[in-house]
Amino acid sequence: MLFKLYKKLLKYYGKQNWWPILSKQNPKIEIIFGAILTQNTSWKNVEKALKNLIEHQLLDFNKILSISEELVKNLIKPAGFYNQKAKTLRNVAKYFTENHNSISRESLLKIKGIGKETADSILLYAYNQPYFIIDAYTKRFLSRLGYIKESISYDELQSFITNHIPNNIEIYKEFHALIVVHCKNFCKKTPDCITCFLKVECQFYKKTY
DNA sequence: GCCCAGGGCACTG
DNA sequence: CAGTGCCATGGG
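Be aware that the first sequence starts at 8, since it is given in my numbering, and climbs by one per residue.
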């Protein structure tokens with residue numbers, strides 16, 4: 008049962024309390040920009056980019072629209088893919104300055120550079136709305152354990168998870184964070200199964216060893 | 001030098 | 001609709 012798995016991860020790793028991290032003044036914008044910057048990028052590199060933005064007081068939608076795209080590119084360079092991400096940051100800033108109230112998943116997905124995972128990250132962590140985030144880790148982790156097939160789609164996996172755990176924002180946030188932490192520590196691309204505390208219930212482990 | 005990281009888009013068959 | 005190439009930096 009999936010909710011039991013969540014409890015095991017929580018007991019093993021403790022509460023994660025992910026976002027926000029750096030900014031006390033603009034936590035919401037830090038989450039939104041962080042969600043974009045971390046697309047296929049390690050969080051270490053994202054932190055450097057975020058610190059650069061904070062130093063220049065650019066966790067601000069109007070300010071980031073008022074400066075040149077070149078400057079944004081230079082500041083977020085450590086996060087990689089900086090040409091597209093600079094554009095996406097500006098697209099998102101424009102969206103939020105024009106839509107103060109009517110934020111929705113559908114409207115976020117219309118922004119170029121925002122896909123399902125980034126949209127759900129923004130909705131869950133910045134706006135406390137119950138959208139479970141599906142990332143590469145989530146799919147790998149649950150397919151190895153044997154809960155799902157690797158070929159499952161984003162939407163299918165999302166509804167599978169939300170159908171099997173309580174509809175609770177904090178659980179959504181913590182479960183996702185715990186999956187990421189576990190996949191960084193053990194369930195990597197080439198996993199460290201021997202020392203993993205979940206091997207007794209893992210199909211991948213049973214199949215391989 | 002190689003592999004990988006909290007994806008998304010454009011293009012193809 | 002599924003598969004593929006591309007985007008780019010920094011750490012292991």
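Glycine is no exception: its CB is placed at the ideal position from the N, C-alpha and C atoms.
As the structure is a computational prediction, the values presented were derived from the model and not from experiment.
Alpha-carbon spacing of residue i relative to residue j, whole angstroms
i	j	result
L152	K206	8 Å
T202	K191	13 Å
Q32	N52	22 Å
L9	L131	20 Å
S160	G122	14 Å
F40	W25	15 Å
H171	K11	10 Å
S21	I74	Note that residue 21 is Gly in the sequence shown here, rather than Ser. Spanning the two alpha carbons is a distance of roughly 41 Å.
G87	E77	14 Å
D127	K55	23 Å
Q46	F167	23 Å
N175	E124	18 Å
K214	Q23	31 Å
N108	F204	44 Å
K94	Y216	47 Å
C194	L185	12 Å
K196	W50	17 Å
T48	P85	10 Å
Cβ shell of residue i (< 7 Å), same chain only, five flanking positions each side left out
i	result
I71	L65, V79, L96, R97, A100
Y134	I110
Y89	K80, I83
Y212	C200, K206
V187	Y144
N69	T104
A42	T125, S128, I129
R112	A126, L130, Y138
P27	P34, E37, I38
Residues near residue i by beta carbon distance below 8 Å, same chain, minus five either side
i	result
Q91	G120
K146	I155, E157, I159, L164
L29	E37, E54, L57, K58, I61
Y102	S114, L115, I118
P173	F10
C209	R151, L152, G153, C200, C203
Cβ shell of residue i (< 6 Å), same chain only, five flanking positions each side left out
i	result
T169	F139
Q136	L130
F148	I186, C190, C194
Any non-hydrogen atom of the ligand HEM closer than 7 Å to residue i Cβ
i	result
Y132	Ligands in the displayed structure: none, and consequently the ligand HEM is not present.
Let me know the alpha helix (DSSP H) ranges lying completely inside the stretch 53–99, each 4 residues or longer, listed in chain order. 68–73, 76–83
Taking 8 Å as the threshold, find out whether the stretch 169–184 comes into contact with the stretch 136–156 through three or more Cβ pairs. yes
Does the stretch 33–44 come close enough to the stretch 11–18 that 3 or more CB-CB pairs lie under 8 Å? no
Could you tell me whether the stretch 53–67 touches the stretch 151–166, using the rule of 3 or more Cβ pairs below 8 Å? no
4-residue-minimum alpha helix (DSSP H) runs that sit fully inside the stretch 129–176, ordered along the chain: 143–152, 161–171
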